[in-house]
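> Keeping their order, the protein sequence lines are chains D and X. Heads up: the first sequence begins at 308 in this note's numbering, then just goes up one per residue. Heads up: the second sequence begins at 308 in this note's numbering, then just goes up one per residue. Cβ atoms here follow ideal geometry from the backbone N, Cα and C, with glycine treated the same way. Following this message is one structure expressed as structure tokens.
2 protein chains.
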Amino acid sequence: MRQVADRAGVAMSSVSRVLNNHPDVSESMRARVMTAVEEFGYEPNAVGQMLRQGATKTVGFVVGDISNHLQAEIALGAELALEAQGYTMLLMNSVNNPQLDAEHIRLLIRRQVDGLLLSVADETHRPTIEALEAGNTPYVLIDRELDAQSPPWAVTSDHRGGITSAVEELVGLGHRRIALVGGSPHVRPTRERVAAIEEAVARYPDVSCQVRSGAFTEGHGAAATRELLEGKLPPTAIIAGGNQILIGVLREIRGRALAIPRDLSLVTCDRIPLAEFLSPSLSTIYRDPVAMGRAAAELLLAQLAGQPAQVITLPATYERAGSCSPSPDAVAPTHQ
Amino acid sequence: MRQVADRAGVAMSSVSRVLNNHPDVSESMRARVMTAVEEFGYEPNAVGQMLRQGATKTVGFVVGDISNHLQAEIALGAELALEAQGYTMLLMNSVNNPQLDAEHIRLLIRRQVDGLLLSVADETHRPTIEALEAGNTPYVLIDRELDAQSPPWAVTSDHRGGITSAVEELVGLGHRRIALVGGSPHVRPTRERVAAIEEAVARYPDVSCQVRSGAFTEGHGAAATRELLEGKLPPTAIIAGGNQILIGVLREIRGRALAIPRDLSLVTCDRIPLAEFLSPSLSTIYRDPVAMGRAAAELLLAQLAGQPAQVITLPATYERAGSCSPSPDAVAPTHQ
DNA sequence: CTGAAAGCGCTAACAC
DNA sequence: GTGTTAGCGCTTTCAG
Numbered sequence: 308m309r310q311v312a313d314r315a316g317v318a319m320s321s322v323s324r325v326l327n328n329h330p331d332v333s334e335s336m337r338a339r340v341m342t343a344v345e346e347f348g349y350e351p352n353a354v355g356q357m358l359r360q361g362a363t364k365t366v367g368f369v370v371g372d373i374s375n376h377l378q379a380e381i382a383l384g385a386e387l388a389l390e391a392q393g394y395t396m397l398l399m400n401s402v403n404n405p406q407l408d409a410e411h412i413r414l415l416i417r418r419q420v421d422g423l424l425l426s427v428a429d430e431t432h433r434p435t436i437e438a439l440e441a442g443n444t445p446y447v448l449i450d451r452e453l454d455a456q457s458p459p460w461a462v463t464s465d466h467r468g469g470i471t472s473a474v475e476e477l478v479g480l481g482h483r484r485i486a487l488v489g490g491s492p493h494v495r496p497t498r499e500r501v502a503a504i505e506e507a508v509a510r511y512p513d514v515s516c517q518v519r520s521g522a523f524t525e526g527h528g529a530a531a532t533r534e535l536l537e538g539k540l541p542p543t544a545i546i547a548g549g550n551q552i553l554i555g556v557l558r559e560i561r562g563r564a565l566a567i568p569r570d571l572s573l574v575t576c577d578r579i580p581l582a583e584f585l586s587p588s589l590s591t592i593y594r595d596p597v598a599m600g601r602a603a604a605e606l607l608l609a610q611l612a613g614q615p616a617q618v619i620t621l622p623a624t625y626e627r628a629g630s631c632s633p634s635p636d637a638v639a640p641t642h643q
Numbered sequence: 308m309r310q311v312a313d314r315a316g317v318a319m320s321s322v323s324r325v326l327n328n329h330p331d332v333s334e335s336m337r338a339r340v341m342t343a344v345e346e347f348g349y350e351p352n353a354v355g356q357m358l359r360q361g362a363t364k365t366v367g368f369v370v371g372d373i374s375n376h377l378q379a380e381i382a383l384g385a386e387l388a389l390e391a392q393g394y395t396m397l398l399m400n401s402v403n404n405p406q407l408d409a410e411h412i413r414l415l416i417r418r419q420v421d422g423l424l425l426s427v428a429d430e431t432h433r434p435t436i437e438a439l440e441a442g443n444t445p446y447v448l449i450d451r452e453l454d455a456q457s458p459p460w461a462v463t464s465d466h467r468g469g470i471t472s473a474v475e476e477l478v479g480l481g482h483r484r485i486a487l488v489g490g491s492p493h494v495r496p497t498r499e500r501v502a503a504i505e506e507a508v509a510r511y512p513d514v515s516c517q518v519r520s521g522a523f524t525e526g527h528g529a530a531a532t533r534e535l536l537e538g539k540l541p542p543t544a545i546i547a548g549g550n551q552i553l554i555g556v557l558r559e560i561r562g563r564a565l566a567i568p569r570d571l572s573l574v575t576c577d578r579i580p581l582a583e584f585l586s587p588s589l590s591t592i593y594r595d596p597v598a599m600g601r602a603a604a605e606l607l608l609a610q611l612a613g614q615p616a617q618v619i620t621l622p623a624t625y626e627r628a629g630s631c632s633p634s635p636d637a638v639a640p641t642h643q
């Protein structure tokens with residue numbers, strides 16, 4: 308910038324004013340400066356600006372695993388919304404390790420991000436909460452609830468609504484034993500889904516549910532499914548609580564040569580690209596992850612603009628497809 | 308930091324030395340400083356360090372669309388490798404818009420990233436190349452070839468190997484008309500695949516291929532498939548050049564109620580999570596995207612360390628599955 | 001309307 | 001070993 312100023316024969320402050328569209332600049336000044344800028348192909352150094360202005364126009368995103376389609380779409384939605392407002396996103400994968408969550412939060416705060424978007428692996432992990440409260444960097448939670456001091460800013464999904472609709476349909480189809488293979492119990496989605504299925508089932512005296520929380524992994528999906536199917540009263544319908552879990556569930560079902568939906572009805576949470584081509588197609592509790600990411604970004608920007616805390620809840624809707632059919636129990640007794 | 312120095316009764320430079328593990332610090336100094344650091348919970352401001360040191364320990368990643376599973380895994384591999392060396396990743400989605408690629412490159416350079424990882428949408432887009440040559444920020448191409456001045460740093464996939472194996476198997480199964488539904492012709496993967504299928508087919512006088520390049524979209528996948536199947540000599544085997552294209556191809560095939568592999572054999576490029584549960588399972592030309600991302604990150608770090616330019620090529624291997632069977636042409640003439 | 005000067009937080013020379 | 005000082009690139013008072 309010094310170069311540009313010298314070349315144009317003006318002070319650095321004038322160059323700065325021109326580049327920042329300050330109102331008090333004469334046309335002649337603007338012209339001379341711009342000529343010099345073009346001549347050198349000068350581009351302002353953003354790090355200098357950050358230091359001076361105390362703002363980095365950068366947002367940190369702590370995500371479990373970007374290779375998970377749901378999280379990738381959330382990240383996409385957030386990135387696009389942030390970019391539209393001149394912000395850039397620093398992405399850190401915590402591979403569902405709560406310890407890494409906390410380290411990443413600290414690192415991002417040291418890097419002076421203006422705000423954080425958080426989809427942490429464990430809401431109860433103390434170091435995570437401490438890292439957040441030590442810095443006073445604004446943050447928005449993505450489908451998480453933290454036991455923190457400050458009023459919560461978050462975008463959440465209406466998992467209860469989705470699960471409730473699914474359970475009602477399954478009960479209507481005659482299912483009396485429904486299972487949920489959930490992910491980590493330390494995050495909101497699992498807790499909400501568990502609560503919802505238990506409440507929904509409680510409304511029908513002859514319907515029961517079995518819940519297997521654990522982790523958002525194929526391994527847990529498979530192990531829980533095995534356990535359920537080998538139990539004394541195996542469920543006639545299973546709800547898989549996420550993409551990775553679904554894969555484990557499907558693997559176990561395939562290994563037992565069970566036919567969906569004849570032997571077992573299946574519902575999954577969150578859409579996944581090829582699902583429409585499975586036969587039968589999968590009943591899905593859908594939410595719009597790009598919209599979630601966008602909403603999270605907008606909440607963060609609102610927070611940065613000084614607005615009061617708010618939580619946005621987005622819908623999760625049950626979409627019936629071919630993987631659910633009347634329970635064998637409901638039809639079998641009369642025909643066999 | 309001033310606070311910490313005052314509290315410990317030492318100079319700021321001493322605090323800096325302690326925090327950076329400079330060899331020439333006495334134990335007593337270290338102790339006093341650390342006490343003060345703990346007391347205030349002091350964390351160094353990375354922006355100050357960046358400005359002073361002229362390095363940001365940040366790498367920019369320009370990606371087409373992070374919600375594409377292949378690219379998400381590449382990003383994951385890169386991020387993990389970078390983080391291990393203390394680098395952080397700025398992610399920008401260009402939604403396959405070459406103009407955005409160029410803008411993102413300029414923005415990242417203004418932000419003083421130490422290097423760039425690039426998976427641009429169009430290798431021939433002049434502004435992209437100009438943005439790269441204007442800054443002299445090191446970069447590594449991810450499966451791209453750019454007509455630039457500097458010697459190329461890149462990680463590439465051996466698409467030729469993968470396509471060649473696939474074609475050979477299909478020919479062995481009796482297929483004589485093979486089609487490739489490719490993505491954008493302005494990127495290396497498409498060019499390599501096209502060249503490979505044409506070369507492979509040229510070795511068999513009675514085998515021909517049809518190529519439909521276009522875009523990495525479901526729409527192109529569907530449109531190209533329709534065109535091929537409605538043509539005079541429809542192919543008996545199709546190779547889909549990517550995840551999105553695959554979806555379009557499958558949609559079109561489903562719409563025509565064709566059975567795979569009876570009516571049509573299908574091969575796809577790049578693994579996608581649920582593919583193993585399709586029936587039949589999909590023959591796939593596989594490459595390890597996490598390894599690609601890791602390799603790209605390592606190349607960039609090598610470049611930053613002053614090593615000479617290199618290109619790493621990773622394998623793409625054909626994995627046979629249920630979606631390929633003998634051609635109807637090969638068996639039909641004798642039996643009908 | 002424009003220039004001079006201070007300073008954001010940090011580290012690396014250079015003195016002592 | 002430790003302190004002093006300068007300056008990374010920028011913007012923003014404050015004077016004029």
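#1: For E440(D), return the contacting residues in chain X, with the cut-off set at a CB-CB distance below 7 Å.
#2: Enumerated in chain order, which unbroken segments of the alpha helix (DSSP H) with a length of 4 residues or greater are wholly contained in the stretch 361-422 of chain D?
#3: Indicate, with yes or no, if the ligand FAD has a heavy atom lying under 7 Å from the CB of L540(X).
#4: So is Q419(D) in contact with chain X if we call contact Cβ pairs under 8 Å?
#5: Can V447(X) and A461(X) be called in contact, C-beta distance under 8 Å?
#6: Looking at the strands, I want to know which residues DSSP matches up with C576(X).
#7: Taking 8 Å as the cut-off, decide whether the C-beta atoms of S590(D) and S586(X) are in contact.
#8: According to DSSP, what are the bridge partners of S586(D)?
#9: List, in order along the chain, the chain D residues whose C-beta lies closer than 8 Å to that of S491(X)?
#10: DSSP state of V427(D), grouped into three classes?
#11: Is it the case that the Cβ atoms of G629(D) and S588(D) are separated by a distance below 8 Å?
#12: Using a cut-off of 7 Å between C-beta atoms, extract the partners of G355(X) located in chain D.
#13: Just checking, does the stretch 367-382 of chain X make contact with the stretch 359-367 of chain D on the three C-beta pairs under 8 Å criterion?
#14: Residues of chain D with a CB under 8 Å from the CB of G348(X): which are they?
#15: DSSP puts V514(D) in a beta bridge; with which residues?
#16: Do you know how far the Cα of V618(X) is from the Cα of R467(X)?
#17: State the Cα-Cα distance for the pair P459(D) and A616(D), rounded to the nearest angstrom.
#18: Against chain X, with Cβ distances strictly below 8 Å, would E626(D) count as a contact?
#19: With DSSP run on the structure shown, which of helix, strand or coil describes T524(D)?
#20: Out of P330(X), F523(X), S321(X) and G355(X), which has the shortest C-alpha to C-alpha gap to A343(X)?
#21: Can you tell me the Cα-Cα spacing of E653(X) and G490(D), whole angstroms?
#22: Which partner residues does Y625(D) have in the DSSP bridge list?
#23: What is the rounded straight-line gap between the Cα of F584(D) and the Cα of E583(X)?
#24: Starting from I545(X), follow its DSSP beta bridges and name the residues at the other end.
#25: Taking C-beta pairs closer than 8 Å, name the residues in chain D that E605(X) reaches, listed in chain order.
#26: Roughly how many angstroms lie between the CA atoms of L607(X) and N375(D), to the nearest whole one?
#27: Does the distance from the CB of M319(D) to the CB of M336(D) come in under 8 Å?
#28: What span of residues does the alpha helix (DSSP H) with L557(D) cover, start to end?
#29: Hey, would you say V508(D) sits closer than 8 Å to I552(D), going by beta carbons?
#30: Across which residues does DSSP place Y677(X) in a beta bridge pair?
#31: Since N655(D) meets chain X, which of its residues come closer than 8 Å, beta carbon to beta carbon?
#32: Within 10 angstroms of the Cβ of Q419(X), are there 16 or more other Cβ atoms? Answer buried if so, exposed if not.
#33: Out of curiosity, what's the CA-to-CA distance linking I416(D) and A455(D)?
#34: Considering L480(X), what are the terminal residues of the beta strand (DSSP E) in which it resides?
#35: What do you get for F347(D), buried or exposed, if any count of 16 or more other CB atoms within 10 angstroms of its CB means buried?
#36: Any beta-carbon of chain X closer than 8 Å to the one on T641(D)?
On the basis of the data shown:
#1: Chain X residues near E440(D): none, gap ~10 Å exceeds 7 Å.
#2: 376-391 and 405-417
#3: Although the ligand FAD was asked about, the structure shown includes no ligands whatsoever.
#4: yes
#5: yes
#6: I592(X)
#7: no
#8: None, per the DSSP bridge assignment.
#9: Per Cβ cutoff of 8 Å: no residues; S491(X) is ~19 Å from chain D at best.
#10: coil
#11: yes
#12: L358
#13: no
#14: A441
#15: BP columns for V514(D) are empty, so no partner.
#16: 16 Å
#17: 6 Å
#18: no
#19: coil
#20: S321(X)
#21: For chain X, the structure presents residues 308 to 643; residue 653(X) sits outside this window and is missing.
#22: I592(D)
#23: 11 Å
#24: A486(X) and L573(X)
#25: Within chain D, no residue comes near E605(X); the closest Cβ sits about 17 Å away, beyond 8 Å.
#26: 25 Å
#27: no
#28: N550 to G562
#29: no
#30: For residue 677(X) there is no data in the structure shown, the boundaries of chain X being 308 and 643.
#31: Any property of residue 655(D) remains undetermined from this structure, which presents chain D solely from 308 to 643.
#32: buried
#33: 17 Å
#34: It is not in any beta strand (DSSP E) - L480(X) carries neither H nor E in the DSSP assignment.
#35: exposed
#36: Because the pLDDT of T641(D) is 41, which lies under 50, any placement of that residue in the model is unreliable, and the question is left without a value.
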